[in-house]
Amino acid sequence: MNRFTLLALACVLAAFAPALPAATAAGPAGPAAPGTRNNIDYTGDVIYQIITDRFVDGDPSNNPPAPLYSKDCVLSHLYCGGDWKGIESKIVDGYFSGMGVSALLISVPVENLMVLVPRDSASYHGYWPRDLKRPNPAFGSMDDFRRLVRVAHAHGLKVMIDFVVNQTSPARDGDPGFAEDARLYDDGRLLVSYQDDPEGMYHHHGETDFSSLEDTQYKTLYDLADLEQQHPRIDTYLKDAIRLWLDAGIDGIRVDTVKHVSLAWQKGWMAAINAHRPVFTAGEWYLPRDEFDPRAFRFANDSGMSVLDFTFAQALRTVFRYQDQDMRALDRMLEVTGASYLHPLDQLTFLDNHDQNRILLSSSATHRRLVEQAMVFALTSRGTPMIYYGTEQYMEGSGHAPINREMMRKFDRGTTAYQVLARLAALRKDSPAIRFGSQRTRHVAPEVYVYERRFHGSTVLVAINRSATQPARIEGLATGLGCAGAAPAGYADRLAGLLGGAAIRVRCDGRAEPFTLAAGAAAVWALTDEAASARPQLGHAAPTMGLAGAELTLDGRNFGATPGRVLFGGVPVEGAAITYWDDRQVRFRLPALAAGKYAVAVQRDGHRSEEYNGIEVLAAPPLSLRVVVDGALAAPGETVHLVGDDPGIGAGDEAAAVGPMFNQVLYRYPTWYADVNVPAGAAVTFRFVKKNAAGVVTARESGAPHRYRAPDAGTALVRVKLKGWTPVAGADS
Ligand code: NOJ
Ligand code: CA
Numbered sequence: 021m022n023r024f025t026l027l028a029l030a031c032v033l034a035a036f037a038p039a040l041p042a043a044t045a046a047g048p049a050g051p052a053a054p055g056t057r058n059n060i061d062y063t064g065d066v067i068y069q070i071i072t073d074r075f076v077d078g079d080p081s082n083n084p085p086a087p088l089y090s091k092d093c094v095l096s097h098l099y100c101g102g103d104w105k106g107i108e109s110k111i112v113d114g115y116f117s118g119m120g121v122s123a124l125l126i127s128v129p130v131e132n133l134m135v136l137v138p139r140d141s142a143s144y145h146g147y148w149p150r151d152l153k154r155p156n157p158a159f160g161s162m163d164d165f166r167r168l169v170r171v172a173h174a175h176g177l178k179v180m181i182d183f184v185v186n187q188t189s190p191a192r193d194g195d196p197g198f199a200e201d202a203r204l205y206d207d208g209r210l211l212v213s214y215q216d217d218p219e220g221m222y223h224h225h226g227e228t229d230f231s232s233l234e235d236t237q238y239k240t241l242y243d244l245a246d247l248e249q250q251h252p253r254i255d256t257y258l259k260d261a262i263r264l265w266l267d268a269g270i271d272g273i274r275v276d277t278v279k280h281v282s283l284a285w286q287k288g289w290m291a292a293i294n295a296h297r298p299v300f301t302a303g304e305w306y307l308p309r310d311e312f313d314p315r316a317f318r319f320a321n322d323s324g325m326s327v328l329d330f331t332f333a334q335a336l337r338t339v340f341r342y343q344d345q346d347m348r349a350l351d352r353m354l355e356v357t358g359a360s361y362l363h364p365l366d367q368l369t370f371l372d373n374h375d376q377n378r379i380l381l382s383s384s385a386t387h388r389r390l391v392e393q394a395m396v397f398a399l400t401s402r403g404t405p406m407i408y409y410g411t412e413q414y415m416e417g418s419g420h421a422p423i424n425r426e427m428m429r430k431f432d433r434g435t436t437a438y439q440v441l442a443r444l445a446a447l448r449k450d451s452p453a454i455r456f457g458s459q460r461t462r463h464v465a466p467e468v469y470v471y472e473r474r475f476h477g478s479t480v481l482v483a484i485n486r487s488a489t490q491p492a493r494i495e496g497l498a499t500g501l502g503c504a505g506a507a508p509a510g511y512a513d514r515l516a517g518l519l520g521g522a523a524i525r526v527r528c529d530g531r532a533e534p535f536t537l538a539a540g541a542a543a544v545w546a547l548t549d550e551a552a553s554a555r556p557q558l559g560h561a562a563p564t565m566g567l568a569g570a571e572l573t574l575d576g577r578n579f580g581a582t583p584g585r586v587l588f589g590g591v592p593v594e595g596a597a598i599t600y601w602d603d604r605q606v607r608f609r610l611p612a613l614a615a616g617k618y619a620v621a622v623q624r625d626g627h628r629s630e631e632y633n634g635i636e637v638l639a640a641p642p643l644s645l646r647v648v649v650d651g652a653l654a655a656p657g658e659t660v661h662l663v664g665d666d667p668g669i670g671a672g673d674e675a676a677a678v679g680p681m682f683n684q685v686l687y688r689y690p691t692w693y694a695d696v697n698v699p700a701g702a703a704v705t706f707r708f709v710k711k712n713a714a715g716v717v718t719a720r721e722s723g724a725p726h727r728y729r730a731p732d733a734g735t736a737l738v739r740v741k742l743k744g745w746t747p748v749a750g751a752d753s
């Protein structure tokens, strides 16, 4: 498509877009007015993760009966009474806002299995759903949930929910009497049970050993009945269910266990969310310490959702909890992740969670200080930091669930950790450098890390000395903080010395005067006053995927009070396609460009911002298509790959072909399969290629490519027979 055609399309689209005057908020279903919640840009937020059952019992009348409930949480594998009213009470008494927290992530809110599972526990955690369209009565009614959201919003807090699409509850092959046999209900109507599943709404292939992605995705995680998301009723159910919670007002979603569900289906599900009401969504792709998994980055870059940044969290834990690597590991991690994520600012960073040892190793002053330093690192780095409930109270919990999920016993607002969070969360909100900036290492040594974040004039310099015994003398430190006219400028520690830091002075040669960072100290210095600039400064764009006509939100500075234009993929977007414009936020409708990823920029008065890259335009809703090919023989070491004309299947480029296809679980060799995205309703062509272990194409499918028209909605399956292989001359199999 040439530039002229693109322009024409953009104009046509603009003509059909609803005419919303700039600086006007739309009605209830429309975008939020600026200054209120921004549900897709969380860069200025601090999230607080709550295990609902373990926080506050605000309504003893909803506590489950024995044997599911344990008074005073004596048996921590049972329900302990926490509920939505309890969370609400802490919102109202200011516990969260006093700590600077601006978003809550609460447990999966849906109705769960309410029987004890032998040797294990009750469903207090929420990961054993039985009806995704109904609330968990132990947490409250739907009215209680809506009220929680309303009260949170009234106090400036966003509400994220945890949500499960991978599985329902524990089940055992051949044992319908086990638990509830994973019976799944659709708003009270039975949909399926594990042993009575003639249509295959569940997978029945045994437990995964985690040995491959195929094994992980199509087998069962532990004993949790594994949903077949491709089944049309399950697909519809999961999409309808999340819409119901979106309609209840939620502002964000944590998606459980995304590693165990195909990327193709999840992208379709995410597109359904975006089409309904886009909210910040992050998937849990679990990674243990020291595991670097390119597939987690691919998921973050291609699924339309962010991830819980385990790569970040595990490096942080290695340095501040286990101390088996030094501070340079943080620097390396930031470099690697910065190059691997398409949208590093959108990833959700954390110190610990309910599946890990708590970050505090012991209650000694030294270990407490390490936790405080870890907080400083997370709250001044890229991404959105999440604090696990009780970390600010120095809760311990070495060992996995349920030891790391104890009842919250104290709400002391005087702890150093609480104060550190309060100060840094406030800074984060006001600091474009932290929210949108790029990071630069200013000094790194085994025990000391000094880094700077910068977005145009806004600058934040952070120094952490992990050593509990050795002060660090820092001389000649380069910084962008700047001096005052011709004289050195002083910068106070934004932590007010809470962690042993002090003020510094910066000379006009761009260096700080020599200073000593005390043993165990951390300090933060910031320049938040922004010099006036005519140039728009674009910091963030979201959602990162949408159909033509979908609304995109741009956040930054200096956009001006009156509308200019947006350049999307080089195409000017203006007039009615701009739905909102103020100095810090612009919203507009995506132009109808060919499917692909584009850069966006803001232009006003002849000045143009930097570009924000990687916003995907979809041709149509991404449909999850299972492609199955029979009779595809391959020599040992060879694998079969799928390539077609659509971008979701390689756009004709064999190097980008989808594969290796699978051949072990749902179908077995010589049948191969892959779940891929194609645009709903699209006519596509595809064929198969064989590659050797080095990734070289050794054979192509003979004959004309297969032709297929995708349905207009839902999921689909196409099964073909291989037409034969034509070897590629000179390629070794
Ligand atoms: C990951 C959750 O964080 C974990 O706690 C849960 O048990 C599994 N997914 C299964 O839902
Ligand atoms: Ca209760």
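The sequence shown begins at 21 in the numbering used here and counts up by one. Note that CB positions come from ideal geometry on N, CA and C, so glycine has one too. None of these values were measured; they are calculated from a predicted model.
Can you tell me whether Asp267 is helix, strand or coil according to DSSP? Helix at Asp267.
Closer than 5 Å is what we want: which residues have a beta carbon that near any heavy atom of ligand 1? List them in chain order. Selection output, chain order preserved: Tyr147, Asp276, Thr277 and Asp375.
Which residue's Cα is closest to the Cα of Ala320: Ile635, Gly657 and Tyr68? Nearest option by C-alpha distance: Ile635.
Where Asn633 falls: helix, strand or coil (DSSP): Correct three-state label for Asn633: strand.
Alpha helix (DSSP H) segment containing Gly664, residue limits: Gly664 -> not in any alpha helix (DSSP H); beta strand (DSSP E) instead, spanning Thr659 to Gly664.
Just the Cα atoms here: how many angstroms apart are Pro190 and His463? Computed Cα separation, rounded: 51 Å.
Check whether the Cβ of Val135 lies closer than 8 Å to any Cβ atom in chain B. As a matter of chain content, chain B is missing from the structure shown, which is built from one protein chain.
Are Pro690 and Ala652 touching if we call contact CB-CB under 8 Å? Judged by their CB atoms, Pro690 and Ala652 are nearer to each other than the 8 Å cut-off.
Let me check understanding here. Comparing Cα to Cα, which of Thr735, Gln69 and His560 lies closest to Leu328? Measuring from the Cα of Leu328, the nearest candidate turns out to be Gln69.
Can you tell which of Lys178, Arg555 and Arg209 has its C-alpha closest to the C-alpha of Leu152? Of the candidates Lys178, Arg555 and Arg209, the one whose C-alpha sits nearest the C-alpha of Leu152 is Arg209.
Identity of the residue in Val698, Ala751, Val647 and Leu686 nearest Phe708 by Cα: That would be Val647, whose Cα lies nearest to the Cα of Phe708.
At 3 residues or longer, and completely inside the stretch 156-228: list those beta strand (DSSP E) runs for me, N to C. For the stretch 156-228, whole beta strand (DSSP E) runs of length 3 or above, ordered along the chain, are 178-183, 187-190, 204-206 and 209-212.
List, from N- to C-terminal side, the alpha helix (DSSP H) runs of 4 residues or more that fit wholly inside the stretch 380-442. If one requires a minimum length of 4 residues, the alpha helix (DSSP H) runs lying completely within the stretch 380-442 are 385-399, in chain order.
For ligand 2, is there a heavy atom less than 7 Å away from the beta-carbon of Gly101? Relative to ligand 2, Gly101 has its C-beta within less than 7 Å of a heavy atom.
In terms of residues, what are the limits of the beta strand (DSSP E) holding Asp575? In the DSSP assignment, Asp575 falls within the beta strand (DSSP E) that extends over Glu571 to Arg577.
Could you give the residue range of the beta strand (DSSP E) that holds Leu95? Annotation: Leu95 is outside any beta strand (DSSP E) and is labelled neither H nor E by DSSP.
Alpha carbon to alpha carbon, what distance is there between Val704 and Val685? When rounded, the separation of the alpha-carbon atoms in Val685 and Val704 is 26 Å.
Is any heavy atom of ligand 2 found at a distance shorter than 7 Å from the C-beta of Pro80? For Pro80, the CB falls within less than 7 Å of some heavy atom of ligand 2.
Could you check whether the Cβ of Phe77 sits closer than 7 Å to any heavy atom belonging to ligand 2? The sequence shown places Asp at residue 77, rather than the Phe named in the question. Yes.
What residues match up with Val586 in a beta bridge as DSSP calls it? Checking the DSSP bridge columns, you'll see Val586 partnered with Val593 and Val622.
By Cβ distance below 7 Å, which residues in the same chain neighbour Gly750 in space, the five residues on each side in sequence not counted? Cβ within range, chain order: n/a, list empty.
For Asp666, count neighbouring C-beta atoms within 10 Å of its own C-beta (all shown protein chains included) and say buried if the count is 16 or more, exposed if not. Around the beta carbon of Asp666, 16 or more other beta carbons lie within 10 angstroms, which makes this residue buried.
Within 7 Å: the Cβ of Asn83 and any heavy atom of ligand 2? Within the cutoff, so yes.
Opposing strand residues paired with Ala507 [DSSP bridges]: DSSP lists Ala504 as partners of Ala507.
Measuring straight from C-alpha to C-alpha, what distance separates Gly657 and Lys711? Answer to the nearest angstrom: the Cα atoms are 9 Å apart.
Extent of the continuous beta strand (DSSP E) run through Asn132: From DSSP, the beta strand (DSSP E) with Asn132 extends over Val130 to Asn132.
Collapsed DSSP secondary structure at Phe370 in the structure displayed: Three-state result, Phe370: strand.
Cα-Cα separation between His251 and Ile67, rounded to whole angstroms: Just so you know, the alpha carbons of His251 and Ile67 end up roughly 34 Å apart.
Spatial neighbours of Asp450 within its chain, please: CB distance less than 6 Å, with the 5 preceding and 5 following residues excluded, ordered by chain position. Annotation for Asp450: Thr548 place their beta carbon closer than 6 Å to its own, counting only its chain and skipping 5 residues before and after.
Identified DSSP bridge partners for Phe116: BP columns for Phe116 are empty, so no partner.
Segment contact, 8 Å Cβ cut-off, at least three pairs: the stretch 395-402 with the stretch 474-484: Yes, the stretch 395-402 is in contact with the stretch 474-484.
How about Arg448 and Gly176: do their beta carbons lie closer than 8 Å? No, these two residues do not count as a Cβ contact at 8 Å.
Could you give the DSSP three-state label for Gly520: helix, strand or coil? Looking at Gly520 - three-state DSSP - the assignment turns out to be strand.
Is it right to say Cys93 is buried, meaning 16 or more other beta carbons lie within 10 angstroms of its own, or is it exposed? Under a 10 Å Cβ-count criterion, Cys93 is classified as buried, with 16 or more other Cβ atoms of the shown protein chains found around its own Cβ.
So, are the CB atoms of Val593 and Pro611 less than 8 Å apart? For Val593 and Pro611, yes; Cβs fall inside 8 Å.
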